[in-house]
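One structure is given here, and the rest of the page talks about it.
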Amino acid sequence: MKITAVETIYPGARSAMPALVFVRIHTDEGIQGIGDTFYLPQTCISLIHEHIAPVLLGQDALAIERHWRDLYRAYARFGGRGAEIRALSAVDVALWDILGKASGQPVHRLLGTAQESIPTYNTCGGPLYASVDGGSQAGYGSSRVAGMWDDFDAFLNRPGELAQDLVSEGAKGMKIWPFDRFAQAKGSRAIEGGDLAAGLSTVAAIRDAVGDAIEIMVDGHGLWDLTPAMRIAKGLEQYDLAWAEDLTLADNPRTLARLRASSTTPISVSEYLVTRQEYMPILEQDAADLIMIDPTWAGGITESRKIAVLADTFGLPVTYHDCTGPLTLLAGIHLSAATPNLRYQESVRAYLRSVYPTMVTYVPEVIDGTFALPTAPGLGTELSPEFLAGEDVVVRTTRLES
Ligand SMILES: [Mg+2]
C-alpha cells in the first residue's frame, strides 16, 4: 500500500483551537488515515509539505517504524525536537490509523490490549481555553467566558460547586491550575504568601465540598522557578493530591529531583518532553513519580509507547495528555488501552461536548469516569464533512506525481 498524498487541514485562526492542525494521509488502496498536533500550526504545515511529504510519497504506508526512524534521524541532526517532532507525531498517528483500517482492527488491538476500560479525569478548561493568542499561550488560558461547560471560570470562582458537579457525573479526578495567574501577573521568581494562600484555598474548597470523593491534580504549566515551585508543592501536601504537574519546566532533571525531594506531593513529568531521549534522564535521576506523555508532541504512537515502556521499567505509571485535539485524545485512548502501567487518560469535558464534535464524526464518551475500549478499526473517527466545508478551513495537499 503506497502513500499517494499528504494533506494538512487547518481549522482557521478564528476557530476554538487556532493552534491545532490535522494531517490526512491517502494511499493507493483508498484507505486514509488522520492525525493532529498542536502549537505553531503554520510551522508544522510547512514542515509536512516541505520535508515529510517528499520523504513519504510513494513509500509503503505500513512501514511505520522505518518512517519514524528516517524522519527522526533527519531532525536529530540539527537539534530538531520541537515542530519537527510534532509534525512527525501527527503523521505517525495517521499511519497507525491506516494500519488499523487495513487490518480491520482498532489500534489498541495491534499494540496489544492491556486494559478493560480507561480511567479519565477532567481537566477544568472551558471550550475557549485554547482560543487566545493563536492558541500558543501556555498556562493560564483564555479569560473569555464560554458559558456552558466553562470549567475554567468555575474552578477559579466556584471550585466547590464544580467539584460537586463532577462527582455527580462520576468523575474520578479534576485538574486545576490555581497558581498560574500569579506567575503570569508577577513573574516566576517568587510567590507571595497571600497568593500561595489564595491558590491553596481553591484546593481546600474542593476538599471541603466533596472530601476525598475526587482526586485532585494541580498544573503549573512550567511557569515557576524552583523555590516558588517547592513552596507550592509543600503547601499542597495537606490536600493529598494525585499529583502536581509542571510546577517548574521539565528541562532539568536535577531541578525536578530537588522539587520532588522537597515534599510528599507526587510530581508528574511532563507533557513538555519529547522522545525517549528527554524522558530517560528524568527516570535515571529519580525526578518523577508519574510520567505524562502527549502523543502528538512526544513522537506519535510509535514513540509514546516506547516512553511508556521505559516508565514501566522504572516502576512508574503513565498518564496521556489531552487538551490539544481529537486525534491526540484518540491516540492516547488507544495507547492507554495498551499500557499496562496506565494511571489515567486526560480529557476535557468542555472539548468532548462542545469543541471536538464540531470537527470529527466520533468523539468518545466518558461514562462513570472511564472511556470504553474503542471497537472501530483504526483510531475510530474521521474529519466531519461539515468541518471540512467550513469557510475558514485551509486544506493544502502534496500529491505523488504520476
Ligand atoms: Mg499539563
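Just so we're on the same page, the numbering used here is the position in the sequence shown counted from 1, plus 1223. Backbone N, C-alpha and C fix where the C-beta goes; we use that ideal spot for every residue, glycine too.
Could you tell me whether any non-hydrogen atom of ligand 1 is closer than 7 Å to the CB of residue i?
| i | result |
| --- | --- |
| glutamate 1501 | no |
| aspartate 1469 | yes |
| glutamate 1494 | yes |
| aspartate 1442 | yes |
| histidine 1249 | no |
| histidine 1544 | yes |
Based on Cα-Cα distance, which residue from the options lies nearest to residue i?
| i | options | result |
| --- | --- | --- |
| threonine 1343 | Ile1590, Gly1603 and Glu1624 | Ile1590 |
| alanine 1236 | Val1617, Arg1622 and Glu1624 | Val1617 |
| glutamate 1507 | Thr1519, Met1224 and Leu1479 | Leu1479 |
| asparagine 1475 | Asp1448, Arg1572, His1290 and Ser1485 | Asp1448 |
| valine 1246 | Val1541, Leu1311 and Thr1593 | Leu1311 |
| isoleucine 1268 | Phe1301, Arg1296 and Pro1234 | Pro1234 |
| aspartate 1535 | Glu1624, Pro1563, Arg1412 and Leu1552 | Pro1563 |
| glutamine 1406 | Pro1600, Gly1613 and Gly1422 | Note that residue 1406 corresponds to alanine in the displayed sequence, not to glutamine. Checking every option, the nearest Cα to that of alanine 1406 belongs to Gly1422. |
| threonine 1551 | Pro1401, Pro1587 and Arg1289 | Pro1587 |
| glycine 1603 | Pro1329, Met1440 and Ala1484 | Pro1329 |
| methionine 1440 | Lys1457, Leu1446, Ala1420 and Tyr1462 | Tyr1462 |
| arginine 1309 | Leu1263, Gly1396, Pro1277 and Ser1326 | Leu1263 |
| methionine 1615 | Pro1241, Tyr1574 and Ala1297 | The displayed chain sequence assigns aspartate, not methionine, to residue 1615. When each option's Cα is compared against that of aspartate 1615, the closest is Pro1241. |
| glycine 1393 | Leu1575, Leu1464, Gly1592 and Gln1338 | Gly1592 |
| glycine 1458 | Tyr1585, Pro1401, Gly1253 and His1331 | Pro1401 |
| glutamate 1468 | Gly1443, Val1426, Ala1427 and Arg1481 | Gly1443 |
| alanine 1386 | Gln1338, Leu1419, Asp1435 and Ala1420 | Asp1435 |
| serine 1411 | Asp1283, Leu1470 and Leu1606 | Leu1470 |
| leucine 1334 | Leu1596, Ser1625 and Ile1254 | Leu1596 |
| isoleucine 1455 | Lys1398, Ala1299 and Asp1403 | Asp1403 |
| serine 1424 | Leu1379, Glu1438, Asp1388 and Lys1409 | Leu1379 |
| glutamate 1569 | Ala1420, Asp1517, Tyr1352 and Thr1620 | Asp1517 |
| leucine 1243 | Asp1283, Glu1339, Leu1285 and Tyr1352 | Tyr1352 |
| phenylalanine 1537 | Lys1398, Ser1527, Ile1505 and Cys1546 | Ile1505 |
| leucine 1464 | Asp1293, Ile1437, Glu1273 and Ile1321 | Ile1437 |
| serine 1527 | Ile1429, Ser1559 and Cys1546 | Ser1559 |
| arginine 1430 | Ala1573, Asp1418, Arg1381 and Gly1416 | Arg1381 |
What residue range is occupied by the uninterrupted beta strand (DSSP E) comprising residue i?
| i | result |
| --- | --- |
| tryptophan 1520 | Not the beta strand (DSSP E): tryptophan 1520 falls in the alpha helix (DSSP H), residues 1518-1521. |
| valine 1246 | 1243-1250 |
| threonine 1191 | Residue 1191 is absent from the model: the chain starts at 1224 and stops at 1625. |
| lysine 1398 | 1396-1399 |
| tyrosine 1233 | 1226-1233 |
| arginine 1622 | 1617-1622 |
| leucine 1565 | 1565-1570 |
| glutamate 1468 | 1466-1468 |
| phenylalanine 1594 | 1593-1595 |
If you check the beta carbons only, do residue i and residue j fall under 8 Å apart?
| i | j | result |
| --- | --- | --- |
| alanine 1317 | isoleucine 1257 | yes |
| proline 1451 | tryptophan 1466 | no |
| threonine 1336 | alanine 1561 | yes |
| lysine 1225 | glycine 1281 | yes |
| isoleucine 1556 | phenylalanine 1610 | no |
| serine 1491 | aspartate 1512 | yes |
| glycine 1522 | phenylalanine 1261 | no |
| isoleucine 1287 | tryptophan 1319 | yes |
| threonine 1519 | alanine 1554 | yes |
| aspartate 1251 | alanine 1313 | no |
| methionine 1503 | threonine 1542 | no |
| glutamate 1494 | histidine 1544 | yes |
| tyrosine 1567 | glycine 1396 | yes |
| alanine 1473 | leucine 1496 | yes |
| alanine 1228 | leucine 1623 | yes |
| leucine 1270 | glutamate 1307 | yes |
| alanine 1432 | glycine 1383 | yes |
| proline 1600 | leucine 1565 | no |
| isoleucine 1321 | isoleucine 1248 | yes |
If you follow the alpha helix (DSSP H) that residue i is in, where does it begin and where does it stop?
| i | result |
| --- | --- |
| tyrosine 1502 | 1498-1507 |
| isoleucine 1429 | 1416-1433 |
| aspartate 1442 | Element bounds for aspartate 1442: not the alpha helix (DSSP H) but the beta strand (DSSP E), 1438-1442. |
| isoleucine 1321 | 1306-1326 |
| asparagine 1380 | 1374-1380 |
| valine 1330 | 1330-1334 |
| valine 1278 | 1276-1279 |
| phenylalanine 1610 | 1608-1611 |
| isoleucine 1287 | 1287-1299 |
| proline 1489 | From DSSP, proline 1489 is part of no alpha helix (DSSP H); its letter is neither H nor E. |
Does at least one heavy atom of ligand 3 sit under 7 Å from the Cβ of residue i?
| i | result |
| --- | --- |
| valine 1586 | Looking at this structure, you won't find ligand 3 anywhere; what it does contain is ligand 1. |
- With a cut-off of 8 Å, do at least 3 Cβ pairs link the segment 1345-1354 to the segment 1365-1382? yes
- Message: Quick check: the segment 1522-1541 against the segment 1572-1584, are at least 3 beta-carbon pairs closer than 8 Å?
- Response: no
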